[in-house]
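K.L.:
Quick one: structure below, then a few questions.
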Amino acid sequence: MSTFHLLIDGHLQASDQSDVVINPATELEVGRAPRASATQVDQAVEAAHQAFHRWASQPEVRQQALLGAAAAIRQHADALARLITQEQGRPLHFTQGEVAGAAATFEHYAGFAAPSDVVLQQDEQKRVSIERRPFGVVAAITPWNVPIILLVLKIAPALKAGNTVVAKPSEYTPLSTLYLGEILKDVFPPGVLNVIAGDGQVGARLASHPLVQKVTFTGSVATGKKLYASAAQDVKRLTLELGGNDAAIVLDDANVDAIAEKIFWGAFWNSGQVCFAIKRLYVHEAVFQPLLDALVKRAQKTRVGDGQLPGTELGPLTNKAQFERVISLVEDARRHGATIHSGGAALPGPGYFYPPTLVTGIGAGVALVDEEQFGPVLPLIPFRDEQEAVRQANDSPFGLGASVWTANPERGLALVRQLQAGLAWVNQHGDIHPGAPKGGYKSSGLGYEGGLRGYDEFSELQVVNAALV
Ligand code: ADP
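Each residue of the sequence shown is one higher than the last, beginning at 1 in UniProt numbering.
Here's what the structure looks like:
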């Protein structure tokens with residue numbers, strides 16, 4: 001497993017150039033990822049194009065292959081989870097959960113009842129039906145925070161619907177996806193699933209390839225906007241899962257002891273590197289101090305360290321750029337008068353370790369509140385009037401997730417429905433139902449992933465009109 005290859009047309013391929021992938025816990029090399037050349041990008045797309053018609057016409061083969069993918073992942077689960085931990089940083093028990101989720105996702109789509117054709121008219125004269133057609137080649141471009149599950153949430157429904165795929169992982173965490181390609185090499189017919197690696201330029205070449213019909217992307221808003229612009233050239237179909245700056249609102253009746261642990265994990269899971277983590281915590285004055293105290297106590301006992309060591313709760317930031325961004329956001333907050341109640345400085349190296357950090361004394365207008373921190377730093381902002389908290393929560397270009405915390409779920413439901421977010425929770429933050437379509441409002445995304453609505457993003461409709469006389 002120490003040598004990694006691209007998967008193109010059913011063959012493992014080396015490349016002339018490669019990129020070193022670093023373990024963020026040790027800053028040592030995990031392995032080298034082959035960087036796809038322009039020719040290899042084109043080969044992968046052409047292979048997917050060639051494989052498409054046969055694959056699209058064989059629903060039973062597709063179902064069996066999806067089940068085979070789940071079985072193959074389970075067979076290699078330990079090695080795959082360890083590799084995610086090594087290149088991404090998250091503790092092993094969490095990456096094992098990610099891998100189990102990837103296998104379950106393939107199984108879910110194998111058994112997924114694809115919507116039937118709708119017959120609008122059928123009589124002696126005429127038959128009119130609405131049918132679904134796969135697009136052809138789908139490009140799946142993924143980020144570094146949860147690399148395998150975010151990829152499988154794209155490729156499993158895309159393949160189920162009859163498309164073929166070219167996948168490109170992030171240059172920070174490509175090895176687990178390349179290894180997944182190797183695991184799945186013989187599960188799918190050649191060309192049905194291709195895996196290439198490289199940086200944004202490789203992604204841009206893939207996304208703008210004329211034979212790619214649809215791009216499904218999870219990543220930053222900045223890259224999402226570039227893909228939106230590039231898709232305009234040939235009106236490519238596009239699904240964008242972008243960032244978030246999720247607000248959680250804690251009401252005056254909330255039971256602090258009951259919620260503190262859940263809020264902690266809602267904000268700090270994966271060291272905050274989650275698109276729908278709690279990134280702003282609005283807390284009613286009545287419970288502000290007790291909740292702050294409870295979170296500080298929890299943060300101070302958190303075991304931060306190498307995710308490969310048993311007992312670790314939070315690993316490092318996944319890459320140096322993100323590590324430095326978190327450091328500079330906290331410094332900027334300090335300059336704006338913030339008080340830091342726990343953490344607040346990087347841990348001694350090697351490794352990009354930053355402890356869970358709780359910040360007060362800042363509000364709108366400071367980058368840590370206005371922007372997505374994507375790290376283990378949470379600002380707490382007090383409020384007195386809950387409508388004012390709703391206004392501040394909604395005053396953001398993002399709209400991915402939001403939550404309300406209260407002893408009275410009815411009150412929570414009424415308030416959470418006022419929040420501009422595609423994912424809304426009461427007394428929890430981050431749970432995703434397997435049947436749920438996940439999507440962001442405003443700059444947080446375009447389209448949906450998951451559920452029937454998400455599945456439908458991998459097909460076109462065709463209205464078939466037949467005159468029978
Ligand atoms: P981050 O800055 O957090 O790494 P990105 O949005 O840049 O997030 O990266 C997400 C994915 O998008 C990665 O696989 C990356 O290589 C890819 N990517 C970056 N720039 C482009 C681009 N212009 N076109 C297509 N893919 C890109």
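All C-beta atoms, glycine included, are put in the ideal place defined by N, C-alpha and C.
Rounded to a whole number of angstroms, what is the C-alpha to C-alpha distance between E131 and V119?
P.N.:
Spanning the two alpha carbons is a distance of roughly 9 Å.
K.L.:
Once you ignore the five residues that flank D9 on each side, which residues in its own chain have a CB closer than 6 Å to its CB?
P.N.:
Contacts found: A47, P190, G191.
K.L.:
Go through the segment 367-408 residue by residue and report every complete run of the beta strand (DSSP E) that reaches 3 residues or more, in order.
P.N.:
The segment 367-408 contains these whole beta strand (DSSP E) runs: 377-383, 401-405.
K.L.:
DSSP puts N465 in a beta bridge; with which residues?
P.N.:
For N465, which the question treats as bridged, DSSP gives the partners V128.
K.L.:
Does the distance from the CB of Y282 to the CB of F383 come in under 8 Å?
P.N.:
Cβ distance < 8 Å, so Y282 and F383 count as in contact.
K.L.:
Let me check one thing: in DSSP terms, what residues is V118 bridge-paired to?
P.N.:
Paired residues: I130.
K.L.:
Shortest alpha-carbon distance to L413 belongs to which of Q273, I249, V165?
P.N.:
Measuring from the Cα of L413, the nearest candidate turns out to be I249.
K.L.:
Can you check whether the C-beta of D456 is within less than 8 Å of a C-beta belonging to chain D?
P.N.:
Absent from the structure is chain D; it holds one protein chain and no more.
K.L.:
Given this structure, state the Cα-to-Cα distance separating R446 from Y455, to the nearest angstrom.
P.N.:
Checking the sequence, you will find Leu at residue 446 rather than Arg. Near 14 Å, if we compare the C-alpha coordinates of Y455 and L446.
K.L.:
Could you compute how far the alpha carbon of H284 sits from the alpha carbon of L378?
P.N.:
The alpha-carbon atoms of H284 and L378 are separated by roughly 16 Å.
K.L.:
Does the pairing of the segment 298-307 with the segment 393-411 give three or more beta-carbon distances under 8 Å?
P.N.:
As far as the Cβ criterion goes, the segment 298-307 does not touch the segment 393-411, which means the pair count is below three.
K.L.:
So within the segment 21-83, which uninterrupted alpha helix (DSSP H) runs reach at least 4 residues, ignoring any that extend past its ends?
P.N.:
Within the segment 21-83, the complete alpha helix (DSSP H) runs of at least 4 residues are 38-56, 59-75.
K.L.:
Rounded to a whole number of angstroms, what is the C-alpha to C-alpha distance between Y228 and D234?
P.N.:
One C-alpha to the other measures close to 11 Å.
K.L.:
Regarding L240 and the ligand ADP, is the C-beta to nearest heavy atom distance less than 7 Å?
P.N.:
Result no, Cβ not under 7 Å from the ligand ADP.
K.L.:
Count the C-beta pairs between the segment 305-324 and the segment 350-367 that are closer than 8 Å, then say yes if the count reaches three, no if not.
P.N.:
Verdict: yes, contact present.
K.L.:
Output yes or no for whether 8 Å exceeds the beta carbon distance between S116 and W144.
P.N.:
No, they are not a contact pair.
K.L.:
Select from Q64, Q86, I84 the residue whose C-alpha is nearest the C-alpha of Y109.
P.N.:
That would be Q64, whose Cα lies nearest to the Cα of Y109.
K.L.:
Can you tell me where the alpha helix (DSSP H) holding Q300 begins and where it ends?
P.N.:
Its alpha helix (DSSP H) spans residues 285-300.
K.L.:
Going by DSSP, which residues form a beta bridge with E241?
P.N.:
T218, G445, per the DSSP bridge assignment.
K.L.:
Does the distance from the CB of G399 to the CB of S444 come in under 8 Å?
P.N.:
Yes, the pair counts as a contact, with Cβ atoms nearer than the cut-off.
K.L.:
Bridge partners of K168, per DSSP?
P.N.:
According to DSSP, which records beta bridges pairwise, K168 is partnered with I141.
K.L.:
Which residue or residues does DSSP assign as beta-bridge partners of K185?
P.N.:
Answer is none; K185 lacks a bridge partner.
K.L.:
Measure the alpha-carbon distance for I183 versus E241 and round it to whole angstroms.
P.N.:
Cα to Cα, I183 sits roughly 26 Å from E241.
K.L.:
Check whether the segment 157-169 and the segment 338-348 are in contact - that is, three or more C-beta pairs closer than 8 Å.
P.N.:
Not touching, per the Cβ criterion.
K.L.:
Tell me, please, which residues DSSP counts as bridged to L281.
P.N.:
DSSP output for L281 lists A248, L380 as bridge partner(s).
K.L.:
Output the distance between the C-alpha atoms of P174 and V128, rounded to the nearest integer angstrom.
P.N.:
One C-alpha to the other measures close to 46 Å.
K.L.:
Relative to the C-alpha of S328, which candidate in K297, V296, V366 has its C-alpha closest?
P.N.:
Checking every option, the nearest Cα to that of S328 belongs to V366.
K.L.:
Any heavy atom of the ligand ADP closer than 7 Å to the Cβ of T223?
P.N.:
Because some heavy atom of the ligand ADP lies under 7 Å away, the Cβ of T223 counts as near it: yes.
K.L.:
Note down, in chain order, each residue of its chain lying with its Cβ closer than 7 Å to the Cβ of residue 509, except the 5 sequence neighbours on either side.
P.N.:
What is shown of the chain runs 1 to 469, which leaves residue 509 out entirely.
K.L.:
Excluding five sequence neighbours on each side, which residues of the same chain lie with their C-beta closer than 7 Å to the C-beta of Q418?
P.N.:
These residues qualify, in order along the chain: V390.
K.L.:
With a threshold of 16 other CB atoms inside 10 Å of the CB of D246, please say whether the residue is buried or exposed.
P.N.:
Answer is buried; the Cβ neighbour count reaches 16.
K.L.:
Determine whether the beta carbon atoms of A70 and E107 lie at a separation below 8 Å.
P.N.:
In contact: A70 and E107 (Cβ atoms closer than 8 Å).
K.L.:
Skipping 5 residues on each side, what residues in its chain have a beta carbon closer than 6 Å to that of V259?
P.N.:
Here residue 259 is Ile; the residue named in the question, Val, does not match the sequence. If we look at I259 and ignore the five residues flanking it on each side, its Cβ neighbours are W405.
K.L.:
So, helix, strand or coil for K262, using DSSP?
P.N.:
Helix.
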